[in-house]
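Working notes, structure below.
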Amino acid sequence: MDLSEEWKSLFPISAVFRSPLLLSGPSIRPILGPLVFNPIPNTITCLFSSPSLLPPCSPLPHLSFPRFLLTSSSDSSLPPSASSSIASVFGPHHHQNNVASNFLNNRLELLRCPGTNNFMVFFPTGENSDQVGFLLLHLNNSFSKVRVDDNGDVFSASCRFNHQILRISVNPVLDSGYQFSALTGNSFGIIGYLLASTMYSIHWYVIKVEEIGSDTKVPSLTYIGTKVFKTCCIVHACWSPHIPEESIVLLESGALFLFDMESCLKTNSVNAYCKGTRLKVSWDDSSNLRDLKWLSFEFSWHPRILIVARSDAVFMVDLRLDECNLSCLAKVETLHMYASIGNERFLALSRAGPDGFHFALASDSLLLLCDVRKPMMPVLQWAHGLSKPCYIDVFRLSHLRSNLRDDMYKWASESGFCILVGSFWNCEFNLFCYGPSSQAPSGSIISRVTEFSKSYYAWERPSNLLLSGHECPCGSCLVKEEFLKDDLPAWIDWQRKKEVVLGFGIINNDLSAFVSKPDEFGGFTLVRLLSSGKFESQRYSASWDSIKLLEEPHKNLSQFEDYLMCSTFDEEYKFPRRFNYLELDYLNGYLNGNLDEVVISKMKNPYSGPQAKESFTLEFHEILCEKLNACGLSRLRSSPTVTVVFNDISLPSSIHEVAFRRLWADLPVELLQLAFSNYSEFLEVLVDRKRVSLEFLVVPDQPQLPPFFLRKPSLRSNKWSQKVPRTDALVGPVLPLPVLLALHEFHNGCPNSEEESGGFTVETELRRRCNEVMQVAHEMAASNSTSEPQEDRVVSLADDREETWVGSQTAKPFFLHHPVAFTPRAIDHKEEQSVYKDEVFGTLISKVHEKEHASTGNMGTGLELFDSLCPIKLRFDDASAVNFGLKELKAYKLLKKQFSKWQGDFNLYDEFVSGSRLHT
Numbered sequence: 001m002d003l004s005e006e007w008k009s010l011f012p013i014s015a016v017f018r019s020p021l022l023l024s025g026p027s028i029r030p031i032l033g034p035l036v037f038n039p040i041p042n043t044i045t046c047l048f049s050s051p052s053l054l055p056p057c058s059p060l061p062h063l064s065f066p067r068f069l070l071t072s073s074s075d076s077s078l079p080p081s082a083s084s085s086i087a088s089v090f091g092p093h094h095h096q097n098n099v100a101s102n103f104l105n106n107r108l109e110l111l112r113c114p115g116t117n118n119f120m121v122f123f124p125t126g127e128n129s130d131q132v133g134f135l136l137l138h139l140n141n142s143f144s145k146v147r148v149d150d151n152g153d154v155f156s157a158s159c160r161f162n163h164q165i166l167r168i169s170v171n172p173v174l175d176s177g178y179q180f181s182a183l184t185g186n187s188f189g190i191i192g193y194l195l196a197s198t199m200y201s202i203h204w205y206v207i208k209v210e211e212i213g214s215d216t217k218v219p220s221l222t223y224i225g226t227k228v229f230k231t232c233c234i235v236h237a238c239w240s241p242h243i244p245e246e247s248i249v250l251l252e253s254g255a256l257f258l259f260d261m262e263s264c265l266k267t268n269s270v271n272a273y274c275k276g277t278r279l280k281v282s283w284d285d286s287s288n289l290r291d292l293k294w295l296s297f298e299f300s301w302h303p304r305i306l307i308v309a310r311s312d313a314v315f316m317v318d319l320r321l322d323e324c325n326l327s328c329l330a331k332v333e334t335l336h337m338y339a340s341i342g343n344e345r346f347l348a349l350s351r352a353g354p355d356g357f358h359f360a361l362a363s364d365s366l367l368l369l370c371d372v373r374k375p376m377m378p379v380l381q382w383a384h385g386l387s388k389p390c391y392i393d394v395f396r397l398s399h400l401r402s403n404l405r406d407d408m409y410k411w412a413s414e415s416g417f418c419i420l421v422g423s424f425w426n427c428e429f430n431l432f433c434y435g436p437s438s439q440a441p442s443g444s445i446i447s448r449v450t451e452f453s454k455s456y457y458a459w460e461r462p463s464n465l466l467l468s469g470h471e472c473p474c475g476s477c478l479v480k481e482e483f484l485k486d487d488l489p490a491w492i493d494w495q496r497k498k499e500v501v502l503g504f505g506i507i508n509n510d511l512s513a514f515v516s517k518p519d520e521f522g523g524f525t526l527v528r529l530l531s532s533g534k535f536e537s538q539r540y541s542a543s544w545d546s547i548k549l550l551e552e553p554h555k556n557l558s559q560f561e562d563y564l565m566c567s568t569f570d571e572e573y574k575f576p577r578r579f580n581y582l583e584l585d586y587l588n589g590y591l592n593g594n595l596d597e598v599v600i601s602k603m604k605n606p607y608s609g610p611q612a613k614e615s616f617t618l619e620f621h622e623i624l625c626e627k628l629n630a631c632g633l634s635r636l637r638s639s640p641t642v643t644v645v646f647n648d649i650s651l652p653s654s655i656h657e658v659a660f661r662r663l664w665a666d667l668p669v670e671l672l673q674l675a676f677s678n679y680s681e682f683l684e685v686l687v688d689r690k691r692v693s694l695e696f697l698v699v700p701d702q703p704q705l706p707p708f709f710l711r712k713p714s715l716r717s718n719k720w721s722q723k724v725p726r727t728d729a730l731v732g733p734v735l736p737l738p739v740l741l742a743l744h745e746f747h748n749g750c751p752n753s754e755e756e757s758g759g760f761t762v763e764t765e766l767r768r769r770c771n772e773v774m775q776v777a778h779e780m781a782a783s784n785s786t787s788e789p790q791e792d793r794v795v796s797l798a799d800d801r802e803e804t805w806v807g808s809q810t811a812k813p814f815f816l817h818h819p820v821a822f823t824p825r826a827i828d829h830k831e832e833q834s835v836y837k838d839e840v841f842g843t844l845i846s847k848v849h850e851k852e853h854a855s856t857g858n859m860g861t862g863l864e865l866f867d868s869l870c871p872i873k874l875r876f877d878d879a880s881a882v883n884f885g886l887k888e889l890k891a892y893k894l895l896k897k898q899f900s901k902w903q904g905d906f907n908l909y910d911e912f913v914s915g916s917r918l919h920t
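With the working numbering, letter number 522 in the sequence shown gets 522, and the count goes up by one each step, no holes.
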């Protein structure tokens, strides 16, 4: 079927079996020549290596909120269902890869010094990549030499921006006539302009070459000015190819600003604040633009015609007249037929060819070659097969196949183009070649027609371009690298552990003879900047097929090295360096499970300081004993039963919390004296040459078991003052429970340590007490479910078994409850599919109040009124001092009515009450 050129372009190359616009096969090879470019082995030359070439430091590994909750403890203290439920309460958490966003652009820019064999190589440098650095590359007789400053390091501009440079753009000046300076007696010439953009600012430079007598020319950067955008981020900025002094900036909001450097040069003012002109472009804001992203722009064939790309469309902005003429050139909606993903978006834009009519556009799945004269109709399409390509550039084929030995493929080299698409962060680049369909005799009608209306075809299928030259492309190496990536933790990017290319440049074809010998099919010389801080060059040659094996990288691939992209600069620290050292022996022992060994080693070497002989005062001992007696912890007591701990429950507590209190209640008074103290006995800590007292909470007056979950915060700061005088109140615990338990085991001869081969650990002891509390709870529930309580301290518990409650007329001062977040129903999983079920945290024990006032008809006038609103026993401080009057009682009745209505309408509460059998 013979289709028109417009219809043929709708079938992407590599996406359909037979692409109409694809020239491939043995018959076309003698015309086009080789289109695959492979690195030549043993041609890698390290030109320069310095910490100044290192990229900025990468941030710390990022953990998602649910994963942080799961991995925050060495013990499985939180089930995945609970971590997911907790994370969902705080809303969605988006993690943006900030490291990858720093390597979207080419970090290397080349500028040739006119009339010489020298190149200026520009790149970001400095502690935070906040300075413009450059090197002078000299080519001579197949030898490359790098010139550095007098200190043996890179040249750098004097201005530091204090913000990371994200993009550098260079614009050459072809006519660089020398000017004479009356002050220095030297002549200098402007050979180009440079702009460096950060997230919120643009900085402009003039690139000059000064000639000092008859000596060699020394390049330099002269700072022109800056522009700061305080309310919006910068998306893209570049120079005009038509007027060298003009540059345009695109903001995140879609606003465009034009800057003319000629006016700044005339003022001769250094560090001037450049004032740009906002272009009058009115975008169509009728659609929802919140999810859309502005990408970049390019100049078209006229200085006032721009091609602006957004994630969903590409526009042509015509500013030649007073009013802006806006037209759409491409829409992402038209790509859905061959797009591999549902949410297809444009990712990168580049100008294609010198005419200014064509541009290359990359999306998630496709690569498009478009013409401004044919809106909504691409010239060519490819399925690129790359992962999120963010970089795109177009070269002439003659630029890549320079220094040929003969002119056999001269026509194809001069008329063909190559589109390089890829990602520096993902370390993959593909090359797409295209050009006219066939060679036409010069002077013929066909050749004249093709000059105005070119019909482009894809030349062969896309090929891979190995920019690094240190990777073997064979199948075994690729599989081995994938296994190495899988071995890394999920929160560490494999790019941090691998040497990647951060920027590259290709030497002009007229200078290739200086660095290489003539090749049969031609090639190019590539200079690159690596994440290891190396600046090196390598020769590439054109060939018919891709290289299958590189011997040196093939042998060396065993593991990822630590290229963590961290700068080694000695940052200028403006403040005095003071270091505070903390002894964390006990914490380290607790985390490693050998806290008992640390305590034993400390006990063998007792402290002999000035306060070693001080003991507790008699007054403090009496106060502490009174507090402990109020809680039922007297010196003459035996080991407290679980019921004593249950009586202290005032709020819903998990089995873990009850066991925690059980451990505190089992400690002897001698150890509890170590756990509590007052502020007057504290040792002050020396911080920044000042003594600072430690901060603890005051032990409450109400009878509670340690560690006193219900208490008020302290009313003091780090320093005592006249308004907050020093107090002798009892505070604590000042020692954590794990240390006290280890001391207890040490004084008892470590009986638990001898029984278990693994030694004593706090986790093992806590797990044993949790099992004890759970067992006692179930035993009491089974034994007291159908009998009347014999005494006040008898605890009647009921688990979730139905037979326990049948026929029970017993009062229920306590009940067990399983929250919805810990049930498989909360995460839409069946019970047999639950990956984690921990009754220690998923079972809550609550105290039920006795409705005495409700049964007698006396509702009272104090805080006991609230007992009828909640099935849980509520306890207030100074409850006897609060009495309600008529107005308060009227408000209470209204509140109770509204609250009762809410309870009736709330299904989860109704299920909770009915499931717990609270209505007796």
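Note that the Cβ used here is the ideal one computed from N, Cα and C, for glycine as well.
Can you name, in chain order, every residue of its own chain whose Cβ lies under 6 Å from the Cβ of residue i, other than the five neighbours on each side?
i           : result
residue 203 : 196, 226
residue 395 : 418
residue 485 : 494
Which value, in whole angstroms, describes the spacing of the CA atoms of residue i and residue j?
i           : j           : result
residue 419 : residue 360 : 8 Å
residue 907 : residue 338 : 49 Å
residue 161 : residue 131 : 7 Å
residue 487 : residue 466 : 24 Å
residue 311 : residue 228 : 25 Å
residue 52  : residue 109 : 16 Å
residue 657 : residue 774 : 12 Å
residue 191 : residue 319 : 29 Å
residue 500 : residue 744 : 56 Å
residue 387 : residue 101 : 14 Å
residue 282 : residue 330 : 18 Å
residue 669 : residue 675 : 10 Å
residue 39  : residue 468 : 9 Å
residue 342 : residue 369 : 22 Å
residue 924 : residue 553 : Nothing about residue 924 can be reported from this structure: the residues present for the chain run from 1 to 920 only.
residue 742 : residue 497 : 42 Å
residue 460 : residue 436 : 13 Å
Restricting to Cα atoms, I'd like to know which of the options is closest to residue i.
i           : options            : result
residue 943 : 602, 121, 502, 623 : With the chain running from 1 to 920 in the structure shown, residue 943 is simply not present.
residue 147 : 166, 133, 377, 107 : 133
residue 502 : 12, 56, 22         : 56
residue 106 : 846, 505, 598      : 505
residue 251 : 230, 244, 240, 260 : 230
residue 534 : 45, 36, 260        : 45
Count the other C-beta atoms from every protein chain shown that fall within 10 angstroms of the C-beta of residue i, then say buried if there are 16 or more, exposed otherwise.
i           : result
residue 17  : exposed
residue 665 : buried
residue 576 : exposed
residue 832 : Low per-residue confidence applies at residue 832: pLDDT is 42, beneath 50, and the placement is therefore not dependable, though the value from the model is reported in the following sentence. So residue 832 counts as exposed.
residue 205 : buried
residue 30  : exposed
residue 538 : buried
residue 898 : exposed
residue 646 : buried
residue 462 : buried
If residue i sits next to residue j, beta carbons under 8 Å apart, how far is it from one beta carbon to the other, in whole angstroms?
i           : j           : result
residue 335 : residue 363 : 6 Å
residue 349 : residue 383 : With a Cβ gap of about 18 Å, residue 349 and residue 383 do not count as contacting.
residue 303 : residue 243 : 6 Å
In its own chain, which residues sit with a C-beta less than 8 Å from the C-beta of residue i, not counting the 5 before and 5 after it?
i           : result
residue 623 : 730
Give me, in chain order, the residues of the same chain whose beta-carbon lies closer than 7 Å to that of residue i; leave out the 5 immediate sequence neighbours on both sides.
i           : result
residue 344 : 332, 335, 336, 363, 364, 365
residue 129 : 55, 56, 164, 165
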